[in-house]
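Residue numbers (full-length UniProt numbering): 1 to 137.
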């Protein structure tokens, strides 16, 4: 597990971000409607433009996770992307929660909330780049 765990997480990130990301510019993403509703209030750029930008951003995250040298970049881009990912929970609660209760996420809400695990895994991967002072010899 120690030998294959980190590469497995990095490859999983690459697959998920590349796959889900490329669907957006191709107009095939199941998240397209939610994404467009989320960015519709932004004062610049049309929702279609944001769909394209976010899709390609995710593709870059996926590709960057494939290589150890670009993993830090991938993690930084991932954390920036996650800010937008959580926006529907606050701006579209009628879409992300059932019956007005924050304890009852819809399928869309669950899809967003599970990103807490992605953030946690990114923290673990990112932590491998740093050694504590007690480990330096």
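Glycine included, every Cβ here is placed at the ideal spot set by N, Cα and C. In this text, all values refer to a predicted model and were calculated from it rather than measured experimentally.
According to DSSP, residues forming a beta bridge with residue i
i	result
residue 97	105
Inter-residue CB distance, residue i and residue j (contact presumed, cutoff 8 Å)
i	j	result
residue 153	residue 63	Shown here, the chain extends from 1 to 137; a query on residue 153 therefore has no answer.
residue 45	residue 21	The Cβ separation is near 18 Å, so there is no contact.
residue 105	residue 113	6 Å
residue 52	residue 69	Actually they do not touch by this definition, with Cβ atoms about 27 Å apart.
residue 78	residue 61	5 Å
residue 82	residue 115	6 Å
residue 75	residue 126	5 Å
residue 90	residue 10	Their Cβ separation, rounded to whole angstroms, is 30 Å, which puts residue 90 and residue 10 out of contact at 8 Å.
residue 43	residue 36	That pair is no contact at about 16 Å.
Closest residue to residue i among the options (Cα-Cα distance)
i	options	result
residue 34	105, 96, 43	96
residue 31	129, 70, 9, 107	107
residue 85	130, 38, 125, 11	38
residue 92	47, 80, 129, 109	109
residue 16	27, 59, 1, 100	59
residue 123	26, 28, 71	71
- Query: Which runs of the alpha helix (DSSP H) spanning at least 4 residues fall entirely within the segment 30 to 55, listed in chain order?
  - Reply: 32 to 39
- Task: List in chain order: all unbroken alpha helix (DSSP H) runs of 4+ residues lying wholly within the segment 53 to 84.
- Result: none
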